[in-house]
Amino acid sequence: MSPITTEPRTHALDEFGHALAAAASALYPDAPPVTVAYESPRRAAFGDFATNVAFSLAKHARRSPQDVALALVESVRDGDAAHSFANVEAVAGFINVRLAPSIWQAELARLARDGSVPQKTRSGRVSLEFGSANPTGPLVVVQGRSLSIGDTLARAMTFCGYDVFTEWIINDAGAQMDQLAESLYARYRQIDDPAFPFPKEGYPGHYLLEIARSLHETDGARWKTATLEEWLPFFQRYARDRIVAEQQRLAERFNVRYDLWQSERELHELGKIQAGIDALKNAGRTYESDGALFVRTTEFGDDKDRVVLRGDGRPTYYALDVTYHGEKLGRAGRVIDILGPDHHGYVGRLRALAAALGRPNCIDVLISGQITLVRDGEPVKMSKRAGQIETLEALLDEVGNDAARFFFIMLSPESPLNFDLSLAVAHTNDNPVYYVQYGHARIASVLRNAGHDVPAQPDEAALQSLTMPTELQLIRRLVELRSVVEGVIDHLAPHRLARYARDVAADFHAFYAECKILTDDDTTRHARLTLCLATKSVLATALELLGVSAPDSM
RNA sequence: GCGCCCGUAGCGUAGCUGGAUAACGCACAGCCCUCCGAAGGCUGGGAUCGGGGGUUCGAAUCCCUCCGGGCGCACCA
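Under this note's numbering, read the first sequence as residues 2 to 555, first letter to last.
If you want it as structure tokens, here you go:
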């Protein structure tokens, strides 16, 4: 079934629903009261809205759904509510409603007056964490997908009125930082002594060569004689700072904004990790076993209980999860994590954590699916050797921000994605990014040609000339924007926005082909230009939420 | 072994809080520029929704089971 659409939220539609419900209880007093919900009919021929109340009544009425639907329609036909509609009809058990063109024309006038201004229908603070990668190397393509998904969700939530707080956890603690420091130290020493051994568990990527060279330029050979106790902390910090700075620069290049880059090390140093563990302990959610401290997450649906303190007293990574999510729950009513495809095993323990912290159902986890790069139909071979990993930077250099953001988000978040590099740069009609952007540019071009004829304010009387099927279809589509965005955030389904943008562009192109905009008839020209303005605004909004540019020419 | 994700037309996917003839793009066949951007539009063919059971008036959607593909299952981070 198509996504349920309740736009436009006309008074008439509500009244009609009440009338139907009243008719139902009059005709079938034994049946439980019905609530009338509208949905988009599968086919345009069925009208603008449909309700299936007759199906739920059929059993109690002991008559076929179609008989019930006919009876309902008959009994409300003469009521006031039904008069606002062009048509109300019972078909195969459904009650189909088609709104009069005047209602759509009025909706267009509203859209053209207000633009696609954000509708503040929601409130409350939401914490959104996404992208978070180890500070041990450059971002790879799969993190780009997480960035796209997270940023679009953030924008959509903000659009609807949420106060969104975006954050990134820097995993700059633990053994991996020692390995990073040792790797950088080895690269640094190799500048003067190529035979200096590289650690077995080190990070071989060539990005450390550049950082080592840079350090060698500023500090010379001074670390050659330093003791391990001296150089290790310095190299840790140096590598971490350089790599995180690169990640931040790339996120910015990708048009993604963060409110907080949270350091894990800092949480340790401030004693917050220990405090987080103590809070759980005081809440009675922990127990000791084999010298380690466990959290009873199985009480809340997790597969197994999780260790937070090891036998030697050191906290585990889960201790960070406990603390960090405690922090996030402290600043937001709702917490959303977007994790990479190799983390789907974490969903259970994080959800359980919400309950253990006394905030059940306040943590949502969304997994961004794996990515396979494809070129000319063949998977791109990737080698783990230096410089051959699939960095996000290389991808952006090749296909640009717009294509990357659109492709990353056009599928539902958890499904695997084959990223077709050839298609992403193709300037052809099978590239969905260009299709949508072309629609926007085409409108801009028409508006340029119209010059001073572009209406400053919509003339509602003139809009009555909009009666062609493609005109009404386009208006219906534009009106959907708000419910689409709400669907995106309610279902954590940002891909709906990409599909919607495509649908808007398609409906515009169909309208454009059928209706000449710059006609000699002043009324029609005004009405169609108004429709162009509203379409341009909706397209620009959809693209903005996707983080994709809306060009006036291309 | 346990768990998660995926299986829908030749390909890529949407639909999954159950509803009408299963939708969209590509590819394929045909048509449309003396006219606002053809990076466009229109028409057509193409699907036992991985298999099998079950629940229901009604199942791509919910339940069970089996089969395929991918990925996780640390007192690593």
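The C-beta atom is built at its ideal place from N, Cα and C for all residues, glycine as well.
All of these numbers come straight from a predicted model, not from anything done at the bench.
Mapping the DSSP letters down to three states, classify residue i as helix, strand or coil.
i: S3; result: Bear in mind that the predicted position of S3 carries a pLDDT of just 39, short of 50, making it unreliable; the figure below should be weighed with that in mind. Correct three-state label for S3: coil.
i: I518; result: coil
i: E218; result: helix
i: A196; result: coil
i: F50; result: strand
i: D1; result: Residue 1 lies beyond the stretch modelled for the chain, which goes from 2 to 555, so this question has no answer here.
i: A87; result: strand
i: Y501; result: helix
i: D173; result: coil
i: Y204; result: coil
i: T36; result: coil
i: V92; result: strand
i: R258; result: coil
i: V98; result: strand
i: E461; result: coil
i: T471; result: helix
i: T159; result: helix
i: D79; result: coil
i: E1; result: Absent from the model: residue 1. The displayed extent of the chain is 2 to 555, so no value can be given.
i: T122; result: coil
i: R386; result: Bear in mind that a pLDDT of 46 at R386, under 50, signals an unreliable position, so the number given afterwards is only what the model happens to contain. Here R386 sits in coil by DSSP.
i: S57; result: helix
Is it true that the CB of residue j sits closer than 8 Å to the CB of residue i?
i: A543; j: V505; result: yes
i: A442; j: S554; result: yes
i: P316; j: I274; result: yes
i: P66; j: G94; result: yes
i: Y259; j: L216; result: no
i: A134; j: E265; result: no
i: I212; j: P414; result: no
i: V296; j: D304; result: no
i: P21; j: L73; result: According to the sequence displayed, residue 21 carries Leu and not Pro. In contact: L21 and L73 (Cβ atoms closer than 8 Å).
i: V336; j: A320; result: no
i: A157; j: T167; result: no
i: E247; j: P139; result: yes
i: L340; j: I372; result: no
i: D377; j: S423; result: yes
i: A23; j: Y39; result: no
i: F255; j: N402; result: yes
i: A499; j: L547; result: yes
i: L281; j: V323; result: yes
i: T531; j: A113; result: yes
i: D291; j: G312; result: yes
Considering residue i, what are the terminal residues of the beta strand (DSSP E) in which it resides?
i: V141; result: Run containing V141: none; DSSP gives neither H nor E here.
i: S264; result: L261 to S264
i: R126; result: R126 to F131
i: V366; result: I364 to I368
i: S290; result: T287 to S290
Starting from residue i and walking both ways along the alpha helix (DSSP H), at which residues does that stretch end?
i: N283; result: K273 to N283
i: S26; result: H12 to L28
i: Y239; result: L229 to R254
i: E40; result: Note, E40: premise wrong, no alpha helix (DSSP H); not H, not E.
i: T542; result: D523 to L547
i: G488; result: L482 to D491
i: R352; result: V348 to A357
Tell me whether residue i, by its Cβ, gets closer than 7 Å to a heavy atom of the ligand SAM.
i: H492; result: For the structure depicted, the ligand SAM is absent and the ligand set is empty, with no information on it obtainable.
Count the C-beta pairs between the segment 202 to 221 and the segment 173 to 185 that are closer than 8 Å, then say yes if the count reaches three, no if not.
yes
Inter-stretch contact at 8 Å, needing at least 3 Cβ pairs: the segment 95 to 108 / the segment 119 to 126
no
Which whole runs of the beta strand (DSSP E) in the segment 294 to 340 are 3 residues long or more, in chain order?
307 to 310 and 335 to 340
Are the segment 397 to 411 and the segment 145 to 153 touching, with three or more C-beta to C-beta distances below 8 Å?
yes
Threshold first: 3 residues or longer. Then list the beta strand (DSSP E) segments lying entirely within the segment 403 to 450, N to C.
418 to 421
Taking contact to mean 3 or more Cβ pairs, one atom from each stretch, closer than 8 Å, check whether the segment 318 to 331 and the segment 350 to 362 are in contact.
yes
Three or more beta-carbon pairs under 8 Å between the segment 125 to 133 and the segment 226 to 236, yes or no?
no
Kindly confirm or deny that the segment 25 to 32 and the segment 44 to 64 touch, where touching means at least three C-beta pairs closer than 8 Å.
yes
Would you say the segment 450 to 459 touches the segment 526 to 536, given that touching needs at least three Cβ pairs under 8 Å?
yes
I'd like to know if the segment 72 to 88 and the segment 425 to 444 are in contact, where contact means that at least 3 CB-CB pairs between them fall below 8 Å.
no
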